[in-house]
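The block underneath contains the structure these notes are about, expressed in structure tokens.
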Ligand SMILES: Cc1cc2nc3c(=O)[nH]c(=O)nc-3n(C[C@H](O)[C@H](O)[C@H](O)COP(=O)(O)OP(=O)(O)OC[C@H]3O[C@@H](n4cnc5c(N)ncnc54)[C@H](O)[C@@H]3O)c2cc1C
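Numbering (this note's numbering), first residue to last: 656 to 1154.
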């Protein structure tokens, strides 16, 4: 791999990275996008189902819904940035620049409603919105002269010199080389690979968060890990969007009884954290929970999901067995309203960033929007800085064989700790045990990263750093709120512990 220079380096090719690239290109900057993905499916963005929320003409209502879902822990200033910019960003980029063909009823968009939204405000394309945004966005940027896309390319380390970030060390096919950038934008997505059940694509190992933390950037709210309530409970889990419940599907326990109305006034449409805990509780006490779609035209409304069921040999007419799975990280790299981190010339956008919009629990369909809004703002801010080559950090380009199943075995250990001790419910003693186990694991991994540069080893290193940050954040927060639920003596109340 050759040494490169670019005005703006964007790491990650989901909606946030692509929006940052667009923001920078519009200011006249040259942009290099480095992404581990080899195809669009390598991003969570491609998999997004329900859609993109917009403000329409009700900013106060949108803000109130975000705050209520977060148990009033979200940052008011950040929500204002989101709500004020939502309509314009979606119209400008998704509708006018990319011509995304959102579902409509004649002249009007078909605005959908999802759990914890007080009104219909979600733009969608069937229930597979992500790919209809992601593919045209990638194609649009790939055609721009100022944009270079390096796929199958992983960032391993940030290049930091005298308190400023100057780019990153990139790896492709075992070769490692520096790329110098005027500004660097981290857009590396979520942390699903830290848990055994997740909706995220493989490779969601928290790389950007770990790289930023190791370079000295502030990280916050890591304990707020969102578990999606309705994910297929069998092998190869897949998400059943909230839109399905929005259209009338209900949840039944192993005795065939509906249980959500006893837990929350909004029943199946309660905030995600509440529904997830209630489902887990019913699974433990009655054996299983089924998503009952019998009262709605499931196949007509959600053809993609009906197809997924068929592929998994699931007969949806008798209910779909569901269980919570890791879905989204509300915290991450601390940023301001323009995606600026606490390190000079380092930005973070999308799921790896902590803007404050989500607080302790994210409202459905606000993540694509957050990535779009912050991506554009960060890209445009980042465009003004000039690259300055400096000495890259020392990394061996050799990659001696790792012992057999080293990475696989360590990931199994890491996930067991996260599943058992840092999942839906947290116990202070177990969190102490989790930190001790994760610290040991990180020590073992660090011994190898001193002499090797394999991508999978760095992913493991990043996952172990990020897991420790989640466990530490959880141990330090004594306030049981939103997705961070401290165990109570009576777990049957678990569904209602949401203030
Ligand atoms: C199944 C599913 C359904 C969802 N539905 C919705 C929805 O309907 N509405 C909504 O708003 N949100 C939804 N979400 C959440 C939303 O899709 C994600 O939060 C959002 O797309 C994240 O975008 P991103 O750009 O931050 O990251 P991603 O889209 O995940 O992209 C991350 C990118 O970073 C790259 N990368 C990671 N590490 C490195 C590295 N070291 N070097 C180089 N590249 C790297 C990856 O390869 C990838 O290209 C859903 C998520 C899932 C998984």
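In this text, a Cβ means the ideal position worked out from N, Cα and C, and glycines have one as well.
Do residue j and residue i come within 8 Å of each other at the CB atom, strictly closer than that value?
i: residue 1017; j: residue 986; result: no
i: residue 1069; j: residue 1094; result: no
i: residue 1108; j: residue 820; result: no
i: residue 809; j: residue 1113; result: yes
i: residue 850; j: residue 1134; result: no
i: residue 609; j: residue 869; result: What the structure shows of the chain is the stretch from 656 to 1154, and residue 609 is not part of that stretch, so it cannot be assessed.
i: residue 661; j: residue 861; result: no
i: residue 722; j: residue 729; result: yes
i: residue 771; j: residue 926; result: yes
i: residue 887; j: residue 967; result: yes
i: residue 1029; j: residue 671; result: yes
i: residue 835; j: residue 1044; result: yes
i: residue 1015; j: residue 726; result: yes
i: residue 1020; j: residue 705; result: yes
i: residue 789; j: residue 856; result: no
i: residue 902; j: residue 951; result: yes
i: residue 918; j: residue 933; result: yes
i: residue 682; j: residue 1035; result: yes
Less than 7 Å separating the Cβ of residue i from some heavy atom of ligand 1?
i: residue 707; result: yes
i: residue 1023; result: yes
i: residue 862; result: yes
i: residue 678; result: no
i: residue 983; result: yes
i: residue 966; result: no
i: residue 698; result: yes
i: residue 1020; result: yes
i: residue 894; result: yes
i: residue 855; result: yes
i: residue 690; result: yes
i: residue 994; result: no
i: residue 668; result: yes
i: residue 1034; result: no
i: residue 702; result: yes
i: residue 1006; result: yes
i: residue 784; result: yes
i: residue 829; result: no
Reducing DSSP to helix, strand and coil, say where residue i ends up.
i: residue 658; result: coil
i: residue 1002; result: strand
i: residue 712; result: coil
i: residue 987; result: strand
i: residue 1154; result: With a pLDDT of only 27 at residue 1154, under the threshold of 50, the placement of this residue in the model should not be trusted; the figure read from the coordinates follows. Correct three-state label for residue 1154: coil.
i: residue 1066; result: helix
i: residue 982; result: strand
i: residue 725; result: coil
i: residue 1149; result: Residue placement at residue 1149 cannot be trusted, given a pLDDT of 46 that sits under 50; the coordinates are not used to answer.
i: residue 719; result: helix
i: residue 793; result: helix
i: residue 755; result: coil
i: residue 850; result: coil
i: residue 664; result: strand
i: residue 884; result: strand
i: residue 788; result: helix
i: residue 669; result: coil
i: residue 839; result: strand
i: residue 946; result: strand
i: residue 741; result: helix
i: residue 875; result: strand
i: residue 699; result: helix
i: residue 734; result: helix
Name the residue from the options whose alpha carbon lies nearest to the alpha carbon of residue i.
i: residue 1032; options: 730, 690 and 739; result: 739
i: residue 913; options: 938, 733 and 879; result: 938
i: residue 909; options: 878, 930, 946 and 893; result: 946
i: residue 811; options: 991, 822, 801 and 1043; result: 822
i: residue 980; options: 931, 710 and 944; result: 931
i: residue 935; options: 1098, 907 and 1020; result: 907
i: residue 900; options: 858, 977 and 879; result: 977
i: residue 685; options: 800, 1100 and 1005; result: 800
i: residue 895; options: 928, 854, 858 and 735; result: 854
i: residue 754; options: 719, 782, 794 and 713; result: 794
i: residue 1138; options: 687, 876 and 846; result: 876
i: residue 782; options: 963, 905, 929 and 1072; result: 963
Answer yes or no: does any C-beta atom of chain C fall closer than 8 Å to that of residue i?
i: residue 977; result: Of the protein chains in the structure, only one exists, and it is not chain C.
Who does residue i pair with in a DSSP beta bridge?
i: residue 823; result: 813 and 834
i: residue 951; result: Answer is none; residue 951 lacks a bridge partner.
i: residue 1139; result: 1136
i: residue 905; result: 947
i: residue 764; result: 759
Answer yes or no: the CB of residue i versus the heavy atoms of ligand 3, is any distance below 7 Å?
i: residue 666; result: As for ligand 3, it is missing from this structure, which binds only ligand 1.
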